[in-house]
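What follows is one structure encoded as structure tokens, with my remarks underneath.
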Amino acid sequence: MKSILKRLDYLTQSTRGLLLMATAWDALIIALLGMLSGPMKQIITLPITLVEAERVGRIIMLYHSLAIPFVAAITYLILDMVPTSEDLARAIRRVITPGYMLVSIGGLTFAYLGHNWIFHGIFLLGQSLVFYAGVLLAVGLWPWRHPNTESSP
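Everything in the sequence shown is counted per our numbering, starting at 1264 for the first residue and increasing by one.
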């Protein structure tokens, strides 16, 4: 049990673990959606009917579901490279991680498995969490609040 908790702590607390989790999340999305591509559609028959008129909306949802975990990975790297307070970095990590997961789950479920508006709300909730993490990051990186800057004469 301790080894599982140690691995879970590594995945959720360290920069390497968070980057691994965000990269694996994007890879899982790409692998799952690869089954909906043209050549795979003929091999694997899924009970999903995709209306051609809704194609642009699905592409937008797919883009956000893939791009926001990438933004989270960049945020993890920024928090690792730029000196900020540990409390603020922890708060940003705790907000952006479930945020990108909610965006991906809600967006892809809404776009590909039917238009249940609860999943669209989950998508928007995730985007709001990521936006809030971005505001926290901007506050933490604000140059006049940085502890290493010298006061100008």
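Glycine included, C-beta positions come from ideal geometry on N, C-alpha and C. Here the structure is a predicted model, which is why all the values come from computation and not from measurement.
On the premise that Arg1357 lies in contact with Leu1281, defined as a C-beta separation below 8 angstroms, what is that separation, rounded to the nearest angstrom? For the purposes of this step, residue 1281 is identified with residue 18 of the sequence shown, where counting begins at 1. For the purposes of this step, residue 1357 is identified with residue 94 of the sequence shown, where counting begins at 1. In this structure Leu1281 is not in contact with Arg1357, their Cβ atoms being roughly 11 angstroms apart against a cut-off of 8 angstroms.
Just curious, the alpha helix (DSSP H) that Trp1380 is in, first and last residue? Reading the sequence shown from its first residue, position 117 is the one you call residue 1380. Residues 1380-1403.
Can you check which of these residues, Arg1270, Ile1359, Ile1322, is closest to Tyr1339 by C-alpha distance? To locate residue 1339, count along the sequence shown from 1; it is residue 76. For the residues Arg1270, Ile1359, Ile1322, the minimum Cα distance to Tyr1339 belongs to Ile1359.
Compute the distance between the beta-carbons of Ala1401 and Ala1336, then report whether it is under 9 angstroms. Position 138 of the sequence shown, counted from the start, is the residue given in the question as residue 1401. Position 73 of the sequence shown, counted from the start, is the residue given in the question as residue 1336. Result no, Cβ atoms of Ala1401 and Ala1336 do not sit closer than 9 angstroms.
In chain order, which alpha helix (DSSP H) runs of at least 4 residues are fully inside the segment 1338-1385? Entirely contained in the segment 1338-1385, the alpha helix (DSSP H) runs reaching 4 residues are, in chain order, 1349-1375.
Let's see if you can read the secondary structure: which residues bound the alpha helix (DSSP H) around Met1284? Taking the first residue of the sequence shown as 1, we reach residue 1284 at position 21. Where Met1284 is concerned, the enclosing alpha helix (DSSP H) stretches over 1278-1297.
State the CB to CB distance for the pair Ser1367 and Ile1292, rounded to an integer number of angstroms; the pair is presumed to be in contact (CB under 8 angstroms). For the purposes of this step, residue 1367 is identified with residue 104 of the sequence shown, where counting begins at 1. For the purposes of this step, residue 1292 is identified with residue 29 of the sequence shown, where counting begins at 1. About 6 angstroms separates the two Cβ atoms, so the contact holds.
Quick one: residues in its chain with C-beta nearer than 8 angstroms to the C-beta of Gly1369, no 5 flanking neighbours on either side, listed in chain order? Position 106 of the sequence shown, counted from the start, is the residue given in the question as residue 1369. Scanning its chain for C-beta atoms nearer than 8 angstroms, with the 5 sequence neighbours on each side dropped, one finds around Gly1369 the residues Phe1382, His1383, Gly1384, Ile1385, Phe1386, Leu1387, Leu1388, Gly1389, in chain order.
Cβ shell of Ala1374 (< 6 angstroms), same chain only, five flanking positions each side left out: If you number the sequence shown from 1, residue 1374 lands on position 111. Cβ contact annotation for Ala1374 (same chain, cutoff 6 angstroms, sequence separation greater than five): Arg1321, Met1324, in chain order.
Alpha-carbon to alpha-carbon, Ser1391 and Pro1361: Counting from 1 along the sequence shown, the entry for residue 1361 is found at position 98. Counting from 1 along the sequence shown, the entry for residue 1391 is found at position 128. Each residue's Cα considered, the two are about 11 angstroms apart.
From Ile1267 to Asp1289, what distance separates their C-alpha atoms? Reading the sequence shown from its first residue, position 4 is the one you call residue 1267. Reading the sequence shown from its first residue, position 26 is the one you call residue 1289. About 23 angstroms.
Suppose contacts are defined by Cβ-Cβ distances below 9 angstroms. Is Ile1341 in contact with Val1393 by that definition? In the sequence shown, the residue the question calls residue 1341 occupies position 78. In the sequence shown, the residue the question calls residue 1393 occupies position 130. Taking 9 angstroms as the Cβ cut-off, Ile1341 and Val1393 do not qualify as a contacting pair.
Please state whether DSSP places Met1324 in a helix, a strand or coil. Sequence index remark: in the sequence shown, residue 1324 carries index 61 (1-based). Met1324 falls in the helix class under three-state DSSP.
Would you tell me roughly how many angstroms separate the C-alpha atoms of His1327 and Val1334, rounded to the nearest one? Working through the sequence shown from its first residue, we reach residue 1327 at position 64. Working through the sequence shown from its first residue, we reach residue 1334 at position 71. In a straight line, the C-alpha of His1327 is about 10 angstroms away from that of Val1334.
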